[in-house]
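In our numbering, the protein residues as written are 44 to 228.
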């Protein structure tokens, strides 16, 4: 498992380079296992790849997790807490890179965190989940079940007055009708 190091360059501005044990990252990720272990892709020859569209912080949290099975460590980055946005990005990263264990763990953290929120999930987090997950995904279902305490998902953008209910469309609460999200109030 702790075999040769592979080089993974993440992001564009800023760009960060990580050195990760091939066996460790391949154990957790089907994507990286296919890239580094099959001998047919350039990545498996060079033992290097780039992920320009990924966030270096999310990848840093992922690399830390595959080595410690923990997310927050004050020695990792004291200013980074696992807020709902970071958790959603970790889940999407796991989905894109075939890391189901990561997805399961962060979905559990997301659900627990949502249960403790007074004001609900931030609008931009709901929008990010909607734009980056498939219909019926665990994260969308969590928002559907847990999120209606503080978040209103509607077919069109408009502002609700406190306590007002959206009746613009009979089936507005169905996930396939979501297009824009906003808070009540």
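Glycine residues also receive a C-beta, built at the ideal position from the N, C-alpha and C atoms.
Reduced DSSP category for residue i - H, G, I as helix; E, B as strand; rest coil
i           : result
residue 61  : strand
residue 125 : coil
residue 111 : helix
residue 67  : helix
residue 73  : helix
residue 202 : Caution is warranted here: a pLDDT of 40 is assigned to residue 202, below 50, making its placement in the model unreliable, and no coordinate value can be reported.
residue 178 : coil
residue 188 : helix
residue 83  : coil
Spatial distance of residue i from residue j (CA atoms)
i           : j           : result
residue 173 : residue 137 : 16 Å
residue 92  : residue 188 : 38 Å
residue 90  : residue 48  : 8 Å
residue 153 : residue 127 : 6 Å
residue 67  : residue 133 : 18 Å
residue 76  : residue 99  : 20 Å
residue 52  : residue 96  : 10 Å
residue 181 : residue 94  : 24 Å
residue 80  : residue 167 : 37 Å
residue 55  : residue 185 : 31 Å
residue 72  : residue 84  : 16 Å
residue 139 : residue 112 : 19 Å
residue 65  : residue 103 : 16 Å
residue 149 : residue 131 : 8 Å
residue 163 : residue 88  : 47 Å
residue 165 : residue 82  : 44 Å
Residues that residue i bridges to, as DSSP identifies them
i         : result
residue 1 : No statement about residue 1 is possible, as the shown extent of the chain runs from 44 to 228 and does not include it.
Distance cut-off 8 Å: residue i Cβ against heavy atoms of the ligand FMN
i           : result
residue 138 : For the structure depicted, the ligand FMN is absent and the ligand set is empty, with no information on it obtainable.
Within the segment 133–159, ranges of the alpha helix (DSSP H) (whole runs, at least 4 residues):
143–158
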